[in-house]
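Numbering (this note's numbering), first residue to last: 120 to 259. Note sheet for the following structure.
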Amino acid sequence: MGEKAEKHGGGCYCGAVRYEIAGPPAWSGHCHCRSCQLALGGAFATWAKVPAEDFSVTKGEIRFCEKTPGIKRGFCGDCGTTLTYAAEGEVEGQNWQGEAWFAAATLDDPSIASPEAHVYVSHQQPWIKLADGLPTFHEF
Ligand SMILES: [Zn+2]
Ligand SMILES: [Zn+2]
Numbered sequence: 120m121g122e123k124a125e126k127h128g129g130g131c132y133c134g135a136v137r138y139e140i141a142g143p144p145a146w147s148g149h150c151h152c153r154s155c156q157l158a159l160g161g162a163f164a165t166w167a168k169v170p171a172e173d174f175s176v177t178k179g180e181i182r183f184c185e186k187t188p189g190i191k192r193g194f195c196g197d198c199g200t201t202l203t204y205a206a207e208g209e210v211e212g213q214n215w216q217g218e219a220w221f222a223a224a225t226l227d228d229p230s231i232a233s234p235e236a237h238v239y240v241s242h243q244q245p246w247i248k249l250a251d252g253l254p255t256f257h258e259f
């Protein structure tokens, strides 16, 4: 093994599921879509991604909810924290293969994610006011 990027840990609220990423997130953004609102029980979700080979579960196991066929939302079966998002094939013109998406706030140090955009602001709740200056997209 040569010089490998520094690893960062993360996990769910209760600690039953832990994961590790190699290196900082490659991209991060806030998703305001209705599905993310319901899955997380929050106004929006902050997602981050790394190459799939740089994400590994180190403790416990992620369970999946597949309400929409082909879209798997990973969560802790004990405490319910949303952990991951994965889609098979193309979703609305996006190809997600080879990427591991995870909920940025579940990192031990969420500040290493630097969100770059707000997506699906067409579903944004009226009581959320954005003032961070990041670009917004109606959909993705
Ligand atoms: Zn848990
Ligand atoms: Zn979403």
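We put the CB at the ideal spot given by N, CA and C, even for glycine.
Worksheet item: What residues does ligand 1 have around it, judged by CB closer than 5 Å to any heavy atom, in chain order?
Response: Every residue passing the under-5 Å Cβ criterion appears here: C131, C133, A135, C195, D197 and C198.
Item to complete: Kindly provide the ranges of any beta strand (DSSP E) runs that are 3 or more residues long and lie completely inside the stretch 151–199, ordered along the chain.
Response: Assignment of beta strand (DSSP E) within the stretch 151–199, counting only whole runs of 3 or more residues, yields 164–170, 174–178, 181–184 and 190–195 in chain order.
Worksheet entry | Straight-line gap, A232 to Y138 (C-alpha atoms, nearest Å) | Counted from its first residue, the sequence shown places residue 232 at position 113. Counted from its first residue, the sequence shown places residue 138 at position 19. CA-to-CA, the gap between A232 and Y138 works out to about 15 Å.
Worksheet item: Taking C-beta to C-beta, are F194 and I181 nearer than 8 Å?
Response: Here residue 194 refers to the residue found at position 75 when the sequence shown is read from its first residue. Here residue 181 refers to the residue found at position 62 when the sequence shown is read from its first residue. For F194 and I181, yes; Cβs fall inside 8 Å.
Worksheet item: Grouping DSSP H, G and I as helix and E and B as strand, with all else coil, what is G121?
Response: The residue given as residue 121 occupies position 2 in the sequence shown. Residue placement at G121 is flagged as unreliable, the pLDDT there being 44, under the threshold of 50; a coordinate-derived value is accordingly withheld.
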